[in-house]
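Undergrad: Handing you a structure now.
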Amino acid sequence: AAKAQGKNRLQIYEPSIDQDSLRRVRLLSQLRVDAERSAFTFEAQPKVDREGKVTGAELLVRWTTREFGAISPVEFIPLAEQSGAIELLGRQALLCAGRLAQDIAAKGLRLHIAVNLSPRQLHNMAFERMALHACERFGIKPAQLELELTESALADASVLPLLRRLRNHGFTLALDDFGTGYSSLSYLLKQPVQKVKIDRAFVRDITSDNAASEVIKGTLQICRGLGLKTVAEGVETWAQFEMLRDLGVDEFQGYLFARPMPIDQWLAQLAGEGPTD
Ligand code: C2E
Ligand code: MG
Ligand code: MG
Ligand code: MG
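Shown next, in the form of structure tokens:
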């Protein structure tokens with residue numbers, strides 16, 4: 442009976458394990474193909490200042506496969522990191538950012554375009570050259586681009602010289618998802634970043650959880666002391682926005698203002714041709 446039961450259990454579990462690893466394998470091989478063909482797309486999510494005026498936008502990668510439909514970056518970015526496809530994805534993102542920054546400047550607007558970087562991209566010797574090349578090709582200044590790094594990217598001290606050079610070139614460095622890593626506040630804030638993006642987990646809880654609002658207050662105080670600009674991500678309600686603004690946050694991003702949208706739609710909105718409501 443025990444044997445039969447064990448067998449039954451295997452029959453229950455095995456298919457789902459197989460499904461997961463099958464999906465992984467298929468995604469990995471499709472990623473390789475699609476990275477080679479630059480088949481990713483990017484959406485833009487605007488950021489606004491304390492008056493609600495647009496300051497720029499962050500590019501967020503999108504990937505759709507024939508087999509599985511749209512895949513979240515939360516699922517495929519780690520796979521791209523492991524497989525090396527991130528190098529090509531990162532290159533496509535930089536070129537997309539350069540082109541968009543050029544379009545924006547052509548409209549006479551002074552807005553920044555932000556791209557997300559994976560830790561692994563900072564270990565690619567060619568990254569610096571690639572970033573400068575994107576600027577040259579589209580006739581923009583590095584200052585028009587913002588590079589969003591996570592705490593894990595900074596955890597490795599060997600990337601420091603590269604970060605200093607990027608900053609010297611004029612790129613703005615922003616620390617993304619701040620508060621979710623394990624490193625100490627003081628260590629992190631010694632990094633050569635100019636902006637800190639407070640993770641949306643703290644923003645979400647700010648109106649209900651005293652601990653979350655204390656973390657935000659502490660972060661803002663240190664940032665002010667060090668002359669760092671602050672951004673709140675994942676702002677979804679007016680109550681959150683008002684609290685964060687009262688606390689002194691400089692920039693805001695979240696569904697309250699706009700969801701990520703196709704780049705053309707954002708450009709149309711900027712031209713005043715977008716839907717007005
Ligand atoms: P992130 O850089 O922290 O981006 C913010 C994420 O929060 C995005 O998810 C965005 O769609 C979502 N978001 C924005 N506002 C709100 C809000 O008000 N409420 C909620 N619930 N969510 C909001 P997305 O697009 O799924 O991206 C997830 C993560 O994937 C990003 O987190 C980033 O770490 C990574 N990622 C995205 N694009 C790229 C890329 O081009 N390169 C690399 N290396 N990573 C990327
Ligand atoms: Mg980001
Ligand atoms: Mg973020
Ligand atoms: Mg985040």
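Count along the sequence shown starting at 1, add 441, and that's the number in UniProt numbering. Beta carbons: idealized from backbone N, C-alpha and C, even for Gly.
#1: Just grab the DSSP bridge partners of residue 436 for me.
#2: Provide the residue(s) that pair with Met-702 in DSSP beta bridges, ordered along the chain.
#3: Measuring alpha carbon to alpha carbon, tell me which of Glu-674, Leu-626 and Cys-664 ends up nearest Lys-488.
#4: Measure the alpha-carbon distance for Ser-515 versus Val-502 and round it to whole angstroms.
#5: Which residues does DSSP pair with Arg-503 in a beta bridge?
#6: How about Gly-675: is its Cβ closer than 7 Å to a heavy atom in ligand 1?
#7: What residues match up with Ile-581 in a beta bridge as DSSP calls it?
#8: Considering only C-alpha positions, which residue in the set Asn-557, Gly-622, Leu-601 and Ile-639 is nearest to Lys-631?
#9: Cα separation between Phe-643 and Ala-653?
#10: Specify whether the segment 461-470 and the segment 538-558 touch according to this definition: at least 3 beta carbon pairs, one from each stretch, less than 8 Å apart.
#11: At what residue ranges does the segment 592-629 contain a whole run of the beta strand (DSSP E), taking only runs of 3 or more?
#12: In chain order, what residues of the same chain have a beta carbon less than 6 Å from the beta carbon of Lys-670, not counting five sequence neighbours either side?
#13: From Ala-699 to Leu-588, what distance separates their C-alpha atoms?
#14: Give the straight-line distance between the Cα atoms of Ala-443 and Asp-461, rounded to the nearest whole angstrom.
#15: Among the candidates Val-656, Phe-568, Ala-476 and Arg-665, whose CA atom is the shortest distance from the CA of Leu-530?
TA: Let's see:
#1: Outside the shown range of the chain (442 to 718) lies residue 436, about which nothing can therefore be said.
#2: For the purposes of this step, residue 702 is taken as residue 261 along the sequence shown, with counting starting at 1. Ala-485, per the DSSP bridge assignment.
#3: Taking the sequence shown and counting its residues from 1, one reaches residue 488 at position 47. Closest option to Lys-488, Cα to Cα, is Glu-674.
#4: Within the sequence shown, numbered from 1, the residue matching residue 515 stands at position 74. Within the sequence shown, numbered from 1, the residue matching residue 502 stands at position 61. The displayed chain sequence assigns Val, not Ser, to residue 515. For Val-515 and Val-502, the distance between alpha carbons rounds to 10 Å.
#5: Residue 503 sits at position 62 when you count from the first residue of the sequence shown. DSSP lists Thr-482 as partners of Arg-503.
#6: Start at 1 with the first residue of the sequence shown, and residue 675 comes out as number 234. Because some heavy atom of ligand 1 lies under 7 Å away, the Cβ of Gly-675 counts as near it: yes.
#7: Sequence index remark: in the sequence shown, residue 581 carries index 140 (1-based). DSSP, once it has assigned bridges, lists no residue as partnering Ile-581.
#8: On the sequence shown, position 190 is the one that residue 631 refers to. Distances from the CA of Lys-631 to each of Asn-557, Gly-622, Leu-601 and Ile-639 were compared; the closest alpha carbon is that of Leu-601.
#9: By 1-based counting over the sequence shown, the position of residue 643 is 202. By 1-based counting over the sequence shown, the position of residue 653 is 212. Taking the CA atoms as reference points, Phe-643 sits about 5 Å from Ala-653.
#10: The segment 461-470 vs the segment 538-558: no contact.
#11: Here the runs fully enclosed are 613-619.
#12: Position 229 of the sequence shown, counting from 1, holds the residue named residue 670. Around Lys-670, the same chain offers Lys-636 and Asp-691 as residues with beta carbons nearer than 6 Å, after the five sequence neighbours per side are excluded.
#13: As a first step, residue 699 must be located in the sequence shown, where it is residue number 258. As a first step, residue 588 must be located in the sequence shown, where it is residue number 147. Each residue's CA atom was taken as its position, placing Ala-699 and Leu-588 some 21 Å apart.
#14: By one-based count along the sequence shown, residue 443 stands at place 2. By one-based count along the sequence shown, residue 461 stands at place 20. Residue placement at Ala-443 is poorly supported in this model, since its pLDDT is 43, which falls under 50; the coordinates are not used for a value here.
#15: As a working mapping, residue 530 is identified with position 89 in the sequence shown. Of Val-656, Phe-568, Ala-476 and Arg-665, the residue nearest in Cα terms is Ala-476.
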